[in-house]
Amino acid sequence: MAIKSSNVTARVEPEIKEQAEAILAQLGISASSGINMFYRQIIMWNGLPFRPSIPVSRPHSLEEMTEEEFDAKMARGLAEAKAGEGIPTDDFFKSLREEILQSYV
């Protein structure tokens, strides 16, 4: 049985393409397989397989912070840890999973 295929042409910013393909390569997935998986998810969900939205607030990456902002965050985290104000890792990840699942409802 012959395998049929079709080409997809899309314009993508070079940096986005490189970053996405590097991640796919780490996963052992070709760009073609990744796109095929995305299309299959669109079919399965009868729409996008994620909810497009703009986060109300999001953490800033190191590159987006000034040195002063980074130092302040680290000092606050250290003070919280010394005061025993943290939560166990398992509890944190459980609440994070619940928060993520709620975003899909």
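Residue 228 is where the sequence shown starts when you use this note's numbering, and the numbers rise one by one after that.
Don't be surprised by glycine CBs; every beta carbon is placed ideally from N, CA and C.
Just so we're clear, the structure is a prediction, and the values are computed from it rather than from any experiment.
What's the gap between the Cα of residue 314 and the Cα of residue 331?
25 Å
Endpoints, the alpha helix (DSSP H) within which residue 316 is located:
316 to 330
Is residue 258 near residue 245, with beta carbons less than 7 Å apart?
no
Restricting to Cα atoms, I'd like to know which of 289, 233, 316 is closest to residue 260.
233
To the nearest angstrom, how far is it from the Cα of residue 256 to the Cα of residue 264?
10 Å
C-alpha gap between residue 269 and residue 235, whole angstroms:
15 Å
8 Å contact criterion, which residue 297 and residue 305 should meet: CB distance rounded
Wrong, their Cβ atoms sit about 13 Å apart, outside the cutoff.
Kindly indicate if chain B contains any beta-carbon less than 7 Å away from that of residue 230.
The chain labelled as chain B is not found in the depicted structure, where only one protein chain is given.
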